[in-house]
Amino acid sequence: MRKALALAERGRGHTSPNPMVGALVVTDDGVIVGRGAHQAAGGPHAEVFALQDAGARARGATLYCTLEPCSHTGRTGPCAPLVAAAGIRRAVIALEDPNPLVSGAGLRLLRDRGVDVVVGVERVAAARQNAVFLTTMRLGRPHVTLKAALSLDGFLGKAGERVHLTGPVANRRVHRQRAEVDAIAVGSGTIIADDPLLTARCAYRNRALSRVVFDRRLRTPTTARLLSTLDAGPVIIVTSAAVVQAQPERLRELESAGVRVISPEGGFVGALRALWDLGISSLLLEGGAALHRSAIESGVVDALDLYIAPRRLGPDAVQWVGKGQLAWESLRNRRAIWLGEDLLVEGTVSR
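According to numbering that gives the first Met the number 0, the sequence shown is numbered sequentially starting from 0.
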């Protein structure tokens, strides 16, 4: 199963909104005769590749799969009937599929066809690998990773001054992460203060990257550098219906510049559900402090990435979210690793 999980990693950054899935076909002698990984949404699933690779050797063998084989027809046909028809004797599955179109139906089909099914091997690792997919299926919104770069004394930067805290190793990791997610989000204050491009650089990306700006007052300037990168993916401004109604000319200016403006109801959660409706499954929340506080207070942060740089900014610097907002003890899967001179602290938020 660990080998199947490693195979599934080949799809990272390419399979959204589908999960990453790996599959192996193994004979009773322990010989791997078929390997497969889901490589892109709309393409064949991992089980299809593994069964094709195994051919006739699949009969009487064991299938190891990181997610329950599907039993419905979407952009591709169902996998569970193929597994049974191939003569697989035993199926070892890491995780049930929470998609309501599957949700145990694939397992039942296999059992009804006489396949011995075992579920739960490396369940925790499989759930961690597909945290994005599980969040979207269970909560109906994108998986949110909050990312912040802090000074050693816990500040974001200095007011009115663009401060580069992290070094090249940490920056490369940030761009790799940007290359994997569906969207990056910032507040309008970050656009005005830093004028970022919000693109994935120094990392390969083969699909559009959505950029989301939370802008309650429609302050985003049409001269922002972000709007010069529409070839990299769409720019979406999230605001309120009242502001849209009060500023029709401003709305037209932004739309003429290529921006899509949405005004969902329901606060932060409503905004996330609206973004999910637009096809966004994973959101990297990059800043600034006001947006981070709002996300934390709304209870929508699923994972946390903090980059701590070895420099102090002093008491007059911009404070992050304040004390008592996040507790180290509330994080699961906690890890701290050095990236050059910077320390990355990451974890998932307990619920």
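Don't be surprised by glycine CBs; every beta carbon is placed ideally from N, CA and C.
Buried or exposed by the 16-neighbour rule on C-beta atoms within 10 Å, applied to residue i
i           : result
residue 15  : buried
residue 146 : buried
residue 97  : buried
residue 28  : exposed
residue 205 : exposed
residue 244 : exposed
residue 332 : exposed
residue 181 : buried
residue 301 : buried
residue 194 : exposed
residue 336 : exposed
Contact belief for residue i with residue j at Cβ below 8 Å, rounded distance in angstroms
i           : j           : result
residue 53  : residue 76  : Rounded, the Cβ-Cβ distance is 18 Å, inconsistent with contact.
residue 268 : residue 140 : 7 Å
residue 274 : residue 211 : 7 Å
residue 57  : residue 66  : Going by Cβ atoms, the distance from residue 57 to residue 66 rounds to 18 Å, so no, they are not a contact pair.
residue 280 : residue 131 : 6 Å
residue 233 : residue 270 : 16 Å between Cβ atoms; not a contact.
residue 236 : residue 253 : 6 Å
residue 348 : residue 305 : Rounded, the Cβ-Cβ distance is 13 Å, inconsistent with contact.
residue 183 : residue 285 : 6 Å
Identity of the residues DSSP links to residue i by a beta bridge
i           : result
residue 194 : Paired residues: none, contrary to the question.
residue 61  : 25, 89
residue 279 : Its beta-bridge partners do not exist; DSSP assigns none.
Residue i and residue j closer than 8 Å at C-beta
i           : j           : result
residue 283 : residue 198 : no
residue 374 : residue 128 : Because the chain is modelled from 0 through 350, residue 374 falls outside the range shown and cannot be assessed.
residue 0   : residue 121 : yes
residue 202 : residue 240 : no
residue 92  : residue 117 : yes
residue 64  : residue 45  : yes
residue 192 : residue 221 : no
residue 152 : residue 11  : no
residue 35  : residue 47  : yes
residue 55  : residue 23  : no
residue 108 : residue 87  : no
residue 148 : residue 190 : no
residue 186 : residue 85  : no
residue 287 : residue 196 : no
residue 41  : residue 74  : yes
residue 308 : residue 150 : yes
*Looking at C-beta atoms only, is the number of pairs between the segment 94–110 and the segment 249–264 that lie closer than 8 Å three or more?*
They do not touch, by the three-pair rule.
*Touching or not, the segment 333–346 and the segment 156–169, by the rule of three or more beta carbon pairs under 8 Å?*
Because the criterion of three Cβ pairs below 8 Å is met, the segment 333–346 and the segment 156–169 touch.
*Should the segment 200–216 be regarded as contacting the segment 301–320, the criterion being three or more beta carbon pairs within less than 8 Å?*
No, they do not touch.
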